[in-house]
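Everything below concerns the one structure shown next.
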DNA sequence: AAGCCGGGGGC
DNA sequence: GCCCCAGGCTT
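Numbering (the working numbering), first residue to last: 14 to 343.
Put into structure tokens, the structure is as follows:
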């Protein structure tokens with residue numbers, strides 16, 4: 014890992030945010046690109062948030078990128094551009110919760126805060142035989158207290174790194190290496206033969222299907238795009254205009270014309286064709302079905318009002334776009 | 001407490 | 001396909 018042995022709190026911060034819900038191998042290229050583009054807190058704070066988002070394209074959980082930028086501005090305004098040095102000040106930053114504040118505090122400053130991530134919860138729940146459902150504040154608190162008590166006060170960073178490594182390599186979610194484990198003789202889950210049952214998790218709701226009927230409206234080698242708003246998925250990302258339905262049934266020419274008239278003041282489609290290929294993207298709690306149509310207009314485009322823009326495809330590729338749009342434009 | 005927010009890798 | 005993940009924020 015490129016951040017191994019690094020003490021710079023800024024770099025540790027960036028790596029921890031990237032690694033939230035993200036595999037190391039997936040995060041490494043993003044980490045390298047990020048530090049090259051934004052080598053310091055100051056450079057991050059002084060860059061447009063859109064440039065941070067663009068670098069985040071394809072990584073998911075885009076609020077992480079927006080919060081990184083927001084926090085950098087906060088550090089410049091409230092800490093004179095120097096990364097804060099206390100756990101409380103670190104945890105105040107947007108996008109930094111208990112885990113990340115503990116990770117930065119211990120790795121950068123050697124402060125005695127135990128990290129509690131999915132690895133730690135799994136290890137502690139198995140070792141102490143916590144059979145309850147783990148997504149409760151009671152269990153979270155219990156795990157935090159037990160881990161904090163175990164933390165080696167002289168070497169918090171080594172302890173935190175070690176317990177997470179142990180979870181990733183030995184006390185794994187599936188097929189843990191109990192036969193080779195030095196802890197198994199005192200592990201309650203192992204002695205009760207309940208390793209596979211712990212940690213216990215909630216059964217999750219099925220994902221919802223959504224159908225986005227995207228319109229590729231090309232004129233003069235440019236196409237119409239828009240920036241997404243705050244409410245829904247993909248906050249601030251760019252995409253094509255679309256109509257949403259709850260079935261995969263194609264939109265009629267009439268429906269699309271009505272939409273274009275209302276939304277963009279466009280009247281009259283000269284030709285409409287639906288593409289054979291569609292795309293399905295899986296999000297944490299939704300399936301997004303992307304269905305694409307090419308639209309040719311009778312008349313010239315009118316002036317657009319926000320959030321619509323008129324750009325070339327190569328320009329669009331440089332903006333922050335959802336994976337689905339990336340698949341489509343290639 | 002529950003819901004929301006992406007994406008890739010392992011099996 | 002389903003499960004997993006070096007979480008945090010909003011409701």
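Think of the CB as a built atom: it goes at the ideal place given N, C-alpha and C, for glycine as much as any other residue.
Which residues share a DSSP beta bridge with residue i?
i, result
"residue 51", "None; residue 51 has no bridge partner."
"residue 284", "309"
"residue 262", "Answer is none; residue 262 lacks a bridge partner."
"residue 39", "Note: residue 39 sits in no beta bridge, so no partner."
"residue 18", "Beta-bridge pairing links residue 18 to no other residue."
"residue 303", "225 and 292"
"residue 255", "227"
"residue 213", "146"
Please name the residue, chosen from the options, that lies closest to residue i on a Cα-to-Cα basis.
i, options, result
"residue 170", "118, 113, 330 and 246", "118"
"residue 225", "231, 154, 277 and 299", "299"
"residue 79", "197, 94, 57 and 214", "57"
"residue 185", "166, 199 and 210", "210"
"residue 161", "91, 130, 333 and 257", "130"
"residue 290", "283, 196, 342 and 199", "342"
"residue 73", "99, 43, 88 and 60", "43"
"residue 325", "232, 265 and 274", "232"
"residue 183", "304, 144, 154 and 140", "140"
"residue 100", "114, 90 and 337", "114"
"residue 237", "247, 214, 279 and 267", "279"
"residue 168", "214, 336, 126 and 46", "126"
"residue 218", "17, 297, 172 and 70", "297"
"residue 59", "89, 21 and 137", "89"
"residue 317", "295, 275, 327 and 330", "275"
"residue 51", "37, 336 and 69", "69"
"residue 212", "187, 335 and 292", "187"
"residue 156", "112, 194, 189 and 195", "112"
"residue 18", "92, 123 and 295", "123"
"residue 250", "216, 331, 92 and 258", "331"
"residue 199", "136, 165, 97 and 221", "136"
On the DSSP letters alone, give me the boundaries of the alpha helix (DSSP H) that residue i sits inside.
i, result
"residue 248", "First-last for residue 248: undefined, no H or E at that position."
"residue 341", "336-342"
"residue 169", "169-182"
"residue 59", "First-last for residue 59: undefined, no H or E at that position."
"residue 149", "Taken as a continuous stretch (DSSP letters only), residue 149 belongs to no alpha helix (DSSP H), as it is neither H nor E."
"residue 317", "Segment: none, residue 317 is in no alpha helix (DSSP H) and carries neither H nor E."
"residue 74", "Counting along the chain, residue 74 falls outside any alpha helix (DSSP H), and DSSP gives it neither H nor E."
"residue 138", "131-140"
"residue 204", "201-204"
On the DSSP letters alone, give me the boundaries of the beta strand (DSSP E) that residue i sits inside.
i, result
"residue 324", "321-325"
"residue 293", "292-295"
If the criterion is Cβ atoms closer than 8 Å, does the pair residue i and residue j meet it?
i, j, result
"residue 191", "residue 203", "yes"
"residue 229", "residue 307", "yes"
"residue 107", "residue 121", "no"
"residue 39", "residue 77", "no"
"residue 301", "residue 241", "no"
"residue 65", "residue 48", "no"
"residue 264", "residue 256", "yes"
"residue 321", "residue 277", "yes"
"residue 54", "residue 23", "yes"
"residue 132", "residue 181", "yes"
"residue 205", "residue 142", "yes"
"residue 67", "residue 319", "no"
"residue 303", "residue 227", "yes"
"residue 138", "residue 173", "no"
"residue 323", "residue 337", "no"
"residue 152", "residue 158", "no"
"residue 283", "residue 266", "no"
"residue 215", "residue 148", "yes"
"residue 288", "residue 305", "yes"
task = Scan the region 215-241 and note each continuous beta strand (DSSP E) run of 3 residues or more that stays entirely inside, going in chain order.
result = Entirely contained in the region 215-241, the beta strand (DSSP E) runs reaching 3 residues are, in chain order, 221-232 and 235-240.
message = In chain order, what are the residue ranges of uninterrupted alpha helix (DSSP H) at least 4 long that sit wholly in the region 89-114?
response = As far as the region 89-114 is concerned, its whole alpha helix (DSSP H) runs of at least 4 residues are 100-104.
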